[in-house]
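Protein chains: 2
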Amino acid sequence: MIKLIVLDVDGTLTDKARKISLNAIENIRKVISNDILVSLVSGNVIPVMFGLKTYIGINGPVFGENGGIMLNNSEITHFFSKNLPKQFLNEISRTTSAREMFTNQWRETSVAFTMDEEDREAVSKKAVEKGLYIVDSKFAWHIMNRGQNKAFAVEYLKKLYDIDNSNILVIGDSDNDLSMFELNVHRASPSNASSSIRNLSEYVSEYPYGNEIGDIFEHYHLL
Amino acid sequence: MIKLIVLDVDGTLTDKARKISLNAIENIRKVISNDILVSLVSGNVIPVMFGLKTYIGINGPVFGENGGIMLNNSEITHFFSKNLPKQFLNEISRTTSAREMFTNQWRETSVAFTMDEEDREAVSKKAVEKGLYIVDSKFAWHIMNRGQNKAFAVEYLKKLYDIDNSNILVIGDSDNDLSMFELNVHRASPSNASSSIRNLSEYVSEYPYGNEIGDIFEHYHLL
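Protein sequence lines, in the order shown, are assigned to chains A and U. Sequence positions in the first sequence follow this note's numbering and run 910 to 1132. Sequence positions in the second sequence follow this note's numbering and run 910 to 1132.
Here it is, written out as structure tokens:
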């Protein structure tokens, strides 16, 4: 029995241009009216998550920066610091194609950047040497602290609500969702999901970009 | 012929709980696909407006803090400073029921607060003495700089796109929308609009809380 649904946003509730699926919002509101808890966990910044929570009407906490920061009942909790990621971005900005993203002004536990594909491997290796790691949300690269990932957010919610893995359904599409797809929870994805996410899914919908939400909720008898 | 639509958000696209109307989003996307420019002007903070622009797919600039700050093509422009409003909020927090809102951390040209109704008149008078003014968005009280209002945003867009008043349609519901309803542009409102907004409207829809958007667009032959 699913009591908590943890949703990625970009690519999972939205199309490639990041337009949100109205069908997804409609189905999310339906499961919330059925007293199921819904939480969003995204690479985006916390004020954007605050907006999504408000305007969709999400009933659970929302997490930004891939789990590094949480908004719950108008209170913000920082689980990590931005110091090391920021230092590392300054360093690679001088030596590679890495360029800061404009949303960094609202980031508090990580930084986001763009870079040319050819720099990926070297930057990734350097990050690990610094005790950091980089992850691709398909919409940006993110420099994260070790242990800062979406699985951290799911584990936090598990304790907060005192529920079991079998009561949790996670839905995501890309590599920054992998950590939560490695947990022993229910896992579903849209047809546009990356091959690694598809391989780890219990159920892959035939619908993409937010239109999978209703189909997945039906599959798990939540509507 | 309408070329630019300027929309308020809370109470105009949303219900009282601030859940956004899916019907409103659908109709906004339709007029955008008909090559009409749409801009949002709200009392909310600019990262929340960035989120709304992204996830709805708004094609024009978006303004936060009642016109004090604009996001256009990933670039933020500040038209006013937060110094005086912040000083004034510190002062009235010591002597009245005024209490800071948690979204102030993302405000850059104004501050938002709550207060008991009995303090309204005294705080309003003091604000004017300081060269400021307070305005009610129904969702918060805002301390603004003189000249910082939604009409300022509409005038800015008029110049930016070199269009006439007769090409502009504004839609809003509450007293922080009044300044743009005093311009000689097309003006429409939902059935939940305040009486002052209704009195200044060219067209008042019979539908409330976002459901008026399609009706208003039809009234102006935009669909």
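Where a beta carbon is used, it is the ideal one built from N, C-alpha and C, also for glycine.
query                                                                                                                  : result
Residues that DSSP places opposite A:Gly1139 in a beta bridge                                                          : Lying before the first or after the last residue shown, residue 1139 of chain A is absent from chain A, which here runs from 910 to 1132.
Residue interval of the alpha helix (DSSP H) (run including U:Leu1092)                                                 : No alpha helix (DSSP H) contains U:Leu1092, which DSSP labels as neither H nor E.
Contacts of A:Phe1126 in chain U (Cβ-Cβ under 9 Å)                                                                     : By Cβ distance, chain U contributes nothing, its closest Cβ being about 17 Å from A:Phe1126, past 9 Å.
Chain-ordered residues of the region 919 to 941 of chain U with a beta carbon less than 8 Å from chain A               : Thr923, Ala926, Arg927, Lys928, Ile929, Leu931, Ile934, Glu935, Arg938
Whole runs of the alpha helix (DSSP H) within the region 954 to 1028 of chain U, excluding any shorter than 4 residues : 955 to 961, 992 to 1004
Sequence-distant residues of its chain with Cβ nearer than 7 Å to A:Ile965 (five each side left out)                   : Ile934, Ile937
Reduced DSSP secondary structure (H/G/I, E/B, other) of A:Ile937                                                       : helix
Which of helix, strand or coil DSSP assigns to A:Asp1124                                                               : helix
Under 7 Å by beta carbon: chain U residues contacting A:Val947                                                         : Chain U residues near A:Val947: none, gap ~13 Å exceeds 7 Å.
Contact list for A:Gly960 against chain U, beta-carbon separation under 7 Å                                            : Val957, Gly960, Leu961
Separation of U:Tyr1065 from U:Leu1092, as counted between CA atoms                                                    : 13 Å
Own chain partners of A:Ile1001 with C-beta closer than 6 Å, once the 5 adjacent residues on each side are dropped     : Ala1007, Val1032
Outcome for U:Glu1030 when other beta-carbon atoms lying within 10 angstroms are tallied against a minimum of 16       : exposed
Listed by chain order, chain A residues near U:Lys954 by CB distance under 8 Å                                         : It is Val, not Lys, that sits at residue 954 of chain U in the sequence shown. Chain A residues near U:Val954: Pro956.
Chain A within 9 Å of U:Thr1012, Cβ atoms only                                                                         : yes
Unbroken alpha helix (DSSP H) run spanning A:Asn1108, endpoints                                                        : 1104 to 1109
Where the beta strand (DSSP E) containing A:Leu1041 begins and where it ends                                           : 1041 to 1045
Residue range of the unbroken alpha helix (DSSP H) whose run includes U:Leu1131                                        : Unbroken run through U:Leu1131: none, as it is neither H nor E.
7 Å Cβ shell around U:Asp917 - same chain, five flanking residues per side excluded                                    : Val950, Ser951, Ile1080, Gly1081, Asp1082, Asp1086
U:Phe997 versus A:Val1037 - alpha carbon distance                                                                      : 47 Å
Short Cβ contact (9 Å threshold) for A:Phe1022 with A:Ile1052                                                          : yes
Contact under 9 Å by Cβ, U:Ile1122 with U:Asn943                                                                       : no
Environment of U:Asn1054 [buried if 16+ CB atoms lie within 10 Å]                                                      : buried
is_contact[A:Glu984, chain U] using C-beta, thresh 9 Å                                                                 : yes
For U:Lys947: DSSP bridge partner residues                                                                             : Looking at the sequence itself, residue 947 of chain U is Val, so the reference to Lys does not match. U:Ile914.
Inter-residue spacing [alpha-carbon to alpha-carbon] between U:Ala926 and A:Val1044                                    : 35 Å
Residues that U:Asn1054 bridges to, as DSSP identifies them                                                            : U:Leu1041
A:Leu1078 in three-state terms, based on DSSP                                                                          : strand
Within 9 Å, strictly: CB atoms of A:Pro994 and A:Leu1041                                                               : yes
Cα-Cα separation, A:Gly973 to U:Asn1108                                                                                : 42 Å
Cutoff 7 Å; reference A:Thr1012; Cβ partners in own chain excluding five residues on either side                       : Val954, Ala1021
Bounding residues of the alpha helix (DSSP H) (the contiguous stretch that carries A:Glu1064)                          : 1059 to 1070
Pick from U:Glu1127, U:Ile985, U:Thr1004 that is closest to U:Thr1018, judged by C-alpha positions                     : U:Ile985
Within chain A, the residues that U:Tyr964 reaches when beta carbons sit closer than 8 Å                               : Thr923, Arg927, Lys928, Ile929, Leu961
Straight-line gap, U:Phe988 to A:Gly976 (C-alpha atoms, nearest Å)                                                     : 34 Å
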